[in-house]
Amino acid sequence: MRELQEREIIEHNDIRVLTTAQLAESLNTKSGIINRNFQRNKEQFREGVHYFSLTGEELKQFKASRQNDVTLKYVSVLYLWTEAGAWMHAKHLKTDKARTAMNALIANYFNASRQPRYEALPINVERILEIERKVEWLEQRLREVTLHSGEQLRVRKAVAARVYELSELPGAKPKSVLFRELYAALKERYQVGSYRDIKQYQLQDALRFIEKWEGFK
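For reference, each letter of the sequence shown is one residue, going 1 to 217 in UniProt numbering.
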């Protein structure tokens with residue numbers, strides 16, 4: 001693994017971060033694996049907590065500041081991973097090697113500002129445990145977060161699309177009945193008083209449920 005003490009520090013919104021390529025190198029894996037694990041477990045990651053995504057002008061400015069980084073040349077969306085996000089990826093890799101590498105990241109990158117750069121920081125077990133507890137707490141909080149307005153709109157659009165699809169079938173119930181029954185099915189499935197109370201991590205499951213819903217017989 002490349003010596004982290006020699007790596008240029010990257011900060012976004014005053015938070016120390018790593019690019020996907022840097023994180024993959026640090027955890028002794030490949031960028032494709034990092035990206036694949038992120039897509040498969042996206043509901044566990046919270047933007048602003050585990051990562052930042054740069055697009056448009058913000059991405060252009062970032063590339064301009066790192067013109068020698070060839071890994072950024074064709075990137076249209078850039079993910080920057082925080083300490084919590086790096087921990088999440090290390091956990092998903094499920095190897096002792098990744099865990100050891102993450103300890104080095106904490107000591108020599110995320111926590112490096114506490115001592116001069118030429119001094120290697122010792123691995124602080126208490127610090128590691130603190131970060132793990134913080135990640136677990138954040139994961140629990142994320143599981144309690146309900147749909148925001150944009151996600152609520154996605155549910156409403158999916159419901160409308162399914163209702164109009166079913167209403168075209170022979171002998172279909174009136175649209176008003178289908179709307180009422182589908183929303184009732186959502187409330188029953190997720191044990192909520194309103195579709196707005198569905199949790200964010202349940203969104204993809206809810207959209208699949210709506211798409212396959214056949215109506216009450």
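The beta-carbon is built from N, C-alpha and C at its ideal position, and this holds for glycine as well.
Check                                                                                      : Outcome
Backbone secondary structure at S53 - three-state DSSP                                     : strand
Bridge partners - T146, DSSP secondary structure assignment                                : K199
Inter-residue Cα distance where the pair is S176 and G48                                   : 40 angstroms
Of the residues D69, L78 and L207, the one placed nearest E57, counting alpha carbons only : L78
CA nearest to the CA of W213, picked from T20, R189 and Q140                               : R189
Beta carbon of L182 nearer than 8 angstroms to that of V163                                : yes
P174 versus V17: straight-line alpha-carbon distance, rounded                              : 53 angstroms
Simplified DSSP assignment, three categories, for Y74                                      : coil
Buried/exposed call for N108, threshold 16 Cβ in 10 Å                                      : buried
Given R143 as reference, the closest of F45, E8 and Q191 once Cα atoms are compared        : F45
Exposure of G193, with buried meaning 16 or more beta-carbon neighbours within 10 Å        : exposed
Heavy atom of the ligand SAM within 7 angstroms of M88 beta-carbon                         : This structure lacks the ligand SAM, and indeed carries no ligand of any kind.
Beta-carbon proximity of A90 to A98, cut-off 8 angstroms                                   : yes
E126 in three-state terms, based on DSSP                                                   : helix
Residue burial classification, T19 (beta-carbon count within 10 angstroms, cutoff 16)      : buried
Which of helix, strand or coil DSSP assigns to L80                                         : strand
Nearest candidate by alpha-carbon position, reference T71, set E25, F52, T82 and N111      : E25
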